[in-house]
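**Q**
Residue numbers (our numbering): 6 to 372.
(1) In terms of residue numbering, what span does the beta strand (DSSP E) encompassing residue 298 cover?
(2) Does DSSP put residue 154 in a helix, in a strand, or in coil?
(3) One question on the structure: do residue 176 and residue 103 come within less than 7 Å of each other, judged by their Cβ atoms?
(4) Can you tell me which of 53, 47, 70, 349 puts its alpha carbon nearest to the alpha carbon of residue 85?
(5) To the nearest angstrom, how far is the alpha carbon of residue 13 from that of residue 193?
(6) Based on the DSSP secondary-structure assignment, which residues constitute the bridge partners of residue 99?
(7) Can you tell me where the beta strand (DSSP E) holding residue 203 begins and where it ends?
(8) Taking only the alpha-carbon atoms, compute the straight-line gap between residue 266 and residue 26 and give it to the nearest angstrom.
(9) Measure the C-alpha to C-alpha separation of residue 329 and residue 250 and round it to an integer number of angstroms.
(10) Please specify which runs of the alpha helix (DSSP H), each continuous and at least 4 residues long, are wholly inside the region 168-255, giving them in chain order.
(11) Measuring alpha carbon to alpha carbon, tell me which residue in 279, 162, 202 is nearest residue 24.
(12) Take residue 97 as the anchor and find which of 226, 126, 225, 344 has the nearest alpha-carbon.
(13) With C-beta atoms as the reference, is residue 310 less than 7 Å away from residue 322?
(14) Going by DSSP, what residue range makes up the beta strand (DSSP E) through residue 140?
(15) In or out: residue 324 buried (at least 16 other Cβ within 10 Å) or exposed?
(16) In chain order, which beta strand (DSSP E) runs of at least 3 residues are fully inside the region 274-359?
(17) Who pairs with residue 58 in a beta bridge, going by DSSP?
(18) Tell me whether residue 114 sits in a helix, a strand or coil according to DSSP, three-state version.
(19) Take the Cβ of residue 163 as the centre, count every other Cβ of all protein chains shown within 10 Å, and call the residue buried at 16 or more, exposed below.
(20) By the three-class DSSP mapping on this structure, what secondary structure does residue 269 have?
(21) Please report the Cβ distance between residue 29 and residue 227, rounded to the nearest whole angstrom; I am assuming they are in contact, meaning their Cβ atoms lie under 8 Å.
(22) Measure the beta-carbon distance from residue 233 to residue 246 and round it to whole angstroms, keeping in mind my assumption that it falls under 8 Å.
(23) According to DSSP, simplified to helix, strand and coil, what is residue 361?
(24) Is it true that the region 334-353 meets the region 105-125, where meeting means three or more beta-carbon pairs spaced less than 8 Å apart?
(25) Going by beta-carbon coordinates alone, are residue 260 and residue 172 separated by less than 7 Å?
(26) So who's on the other strand from residue 24, going by DSSP bridges?
(27) Alpha carbon to alpha carbon, what distance is there between residue 364 and residue 190?
(28) Secondary structure at residue 34, three-state DSSP: helix, strand or coil?
(29) To the nearest whole angstrom, what separates the beta carbons of residue 42 and residue 94, a pair I think is in contact under 8 Å?
(30) Let me confirm a value: residue 76 is counted as buried when at least 16 other C-beta atoms fall within 10 Å, else exposed. Which label applies?
(31) Determine the DSSP secondary structure at residue 41, reduced to helix, strand or coil.
(32) Roughly how many angstroms lie between the CA atoms of residue 240 and residue 206, to the nearest whole one?
(33) DSSP three-state label for residue 79, please.
(34) Quick check on the DSSP output: the alpha helix (DSSP H) that includes residue 264 runs from which residue to which?
(35) Check this for me: beta carbons of residue 133 and residue 87, under 7 Å apart or not?
Written out as structure tokens, the structure reads:
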């Protein structure tokens, strides 16, 4: 793979010498855009959870992906959701790893990308996560022509560890081939880049995380590196967990690399390295069966698009109103935290302890 710097020096260094790190498409909104969406209960992104069907069985999966659910949305219903999200201000459709999107016929069918094409026709971009297994050279060449960003997967440079964290033997080289095809198609040639790599920090790959981080920065790829989130299948695998103190050391070491080598600076806080979650302020989640949620990992439903319009669900939900004003409701050390860049910690991690508005146990500031 060709190695290249993320940005030319003159684009990276300002008068202070350091810049915030770049973000993947669908997450690069200004503070004023986010605040307006929060105050007006509108959208910047729609998170759509594709079919739960997946070809891998990653032990850290926070949604327990594997099989398709019964009564999943038709493509006509998907189009209606996109239309409603656009009317609410959405600019990007965000498709996280609730399943492998290439196994959802609404996303990919017979060489076509119906969901992406419809969103693009409506003026929306698409950012999606994939394990990369199905990304052939031809598919990468097709995708590069669309308004889309891709986040694929690397959990290890070692075949045995990568296969273990994928829950399937023999996939290491297929996943690397998928990434290589995206690079050869030119996804990392743009500034900002259209390519990201998703990595989940576990005991098994802890010693490789900084190597993966450097690989991404050097190749103009967003390092979307997160802690193990405790939901779904991950709840059955405590053997993956890394202590908050070790996560702290890892994040601070990555910050030092960014400051010394790439001209970026950021305030370390979980769950995502060199980034922070603000999606509760500007996003809404629609599952593959039409349930409406505020976080893809938290199984709390506030309505169904099969029963009510998205606008009505969002504006009638007392819980969503509290979520959009979450700073007023945080408890314990999260409620007293002075780190404004943290925003609200990881609410899935707090929810896993039994209190949605409680302390985030993954944050070293709560130790």
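For glycine and all other residues, C-beta sits at the position ideal for the given N, C-alpha and C. Here the structure is a predicted model, which is why all the values come from computation and not from measurement.
**A** Working from what's here:
(1) For residue 298, the uninterrupted beta strand (DSSP E) run begins and ends at 296-298, by DSSP.
(2) If DSSP states are grouped into helix, strand and coil, residue 154 belongs with the strands.
(3) No, Cβ-Cβ distance for residue 176 and residue 103 is not below 7 Å.
(4) The closest CA to that of residue 85, considering only 53, 47, 70, 349, is found on 53.
(5) Confidence at residue 13 is low in this model, with a pLDDT of 33, below 50, so the placement of that residue should be treated as unreliable; the coordinate-derived value is given next. When rounded, the separation of the alpha-carbon atoms in residue 13 and residue 193 is 14 Å.
(6) Answer by DSSP bridge pairing, in chain order: 52, 132.
(7) Residues 200-206.
(8) C-alpha separation (whole angstroms): 12 Å.
(9) Each residue's Cα considered, the two are about 30 Å apart.
(10) For the region 168-255, whole alpha helix (DSSP H) runs of length 4 or above, ordered along the chain, are 177-190, 214-223.
(11) Of the candidates 279, 162, 202, the one whose C-alpha sits nearest the C-alpha of residue 24 is 279.
(12) Answer by Cα proximity: 126.
(13) Residue 322 sits away from residue 310, with the two beta carbons spaced by 7 Å or more.
(14) Counted as a single uninterrupted DSSP element, the stretch harbouring residue 140 is not any beta strand (DSSP E), since DSSP gives it neither H nor E.
(15) That one is exposed.
(16) For the region 274-359, whole beta strand (DSSP E) runs of length 3 or above, ordered along the chain, are 288-291, 296-298.
(17) Paired residues: 71.
(18) Here residue 114 sits in strand by DSSP.
(19) The residue is exposed, with fewer than 16 neighbouring Cβ atoms inside 10 Å.
(20) In the three-state reduction of the DSSP assignment, residue 269 falls in the strand class, which pools E and B.
(21) Contact holds; Cβ gap of about 4 Å.
(22) Sure, about 6 Å apart at Cβ, within 8 Å.
(23) The answer is coil: DSSP assigns residue 361 none of H, G, I, E or B.
(24) No: the two stretches stay apart, fewer than three of their Cβ pairs being nearer than 8 Å.
(25) Contact: no.
(26) DSSP, once it has assigned bridges, lists 269 as partnering residue 24.
(27) One C-alpha to the other measures close to 43 Å.
(28) The three-state reading of DSSP puts residue 34 in coil, since its state is none of H, G, I, E or B.
(29) About 6 Å separates the beta carbons of residue 42 and residue 94, which is inside the 8 Å limit, making them a contact pair.
(30) Around the C-beta of residue 76, fewer than 16 other C-beta atoms lie within 10 Å, and the residue is accordingly described as exposed.
(31) Correct three-state label for residue 41: helix.
(32) The alpha-carbon atoms of residue 240 and residue 206 are separated by roughly 15 Å.
(33) Residue state, collapsed to three classes: coil.
(34) For residue 264, no alpha helix (DSSP H) segment is defined, and its DSSP state is neither H nor E.
(35) Annotated as distal: residue 133 and residue 87, with beta-carbon spacing of 7 Å or more.
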